[in-house]
Amino acid sequence: VDKISTPQDLWSRLKLTDKKMSALEKTTFAGREFPTFHYEAPQHPPNGWKVLYMKRIDTVMVPFEDGFFEITHSAPAASYKDTFPVFEAMVASFQPKR
1 VDKISTPQDL WSRLKLTDKK MSALEKTTFA GREFPTFHYE APQHPPNGWK
51 VLYMKRIDTV MVPFEDGFFE ITHSAPAASY KDTFPVFEAM VASFQPKR
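Under the working numbering, the first residue of the sequence shown carries the number 1, and numbering increases by one thereafter.
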């Protein structure tokens, strides 16, 4: 297994799975800048393939020593903005132990 050591590595590998992903960008939360990306994917029932709705997945990568932490927010695409402020606050307050 190849090691994923940078945000670019993670983004590149996920991009290969044919997801319609945003570009790898820098986003600021509470004055701190983080690599981020998002994409939409279908939500299926537990035992079926019918698409219930589209969900939006937002990913923020927090650099740490020789790698990074990945923090993800997943919500229905039509209403993800309702819970996104809580996600932003969590990312802004995240402090990895050293």
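The C-beta atom is built at its ideal place from N, Cα and C for all residues, glycine as well.
> Where does the unbroken beta strand (DSSP E) through residue 87 begin, and where does it stop?
Replying inline: Counting along the chain, residue 87 falls outside any beta strand (DSSP E), though it belongs to the alpha helix (DSSP H) covering 84 to 93.
Self-check item: Bridge-paired residues (DSSP) for residue 32
Solution: 29
- request: Using only alpha-carbon positions, find the residue among 80, 17, 73, 81 that is nearest to residue 36.
  value: 73
* With DSSP run on the structure shown, which of helix, strand or coil describes residue 98? -> coil
Less than 7 angstroms between the C-beta atoms of residue 30 and residue 92, yes or no?
yes
Residue 76 bridges to which residues according to DSSP?
55
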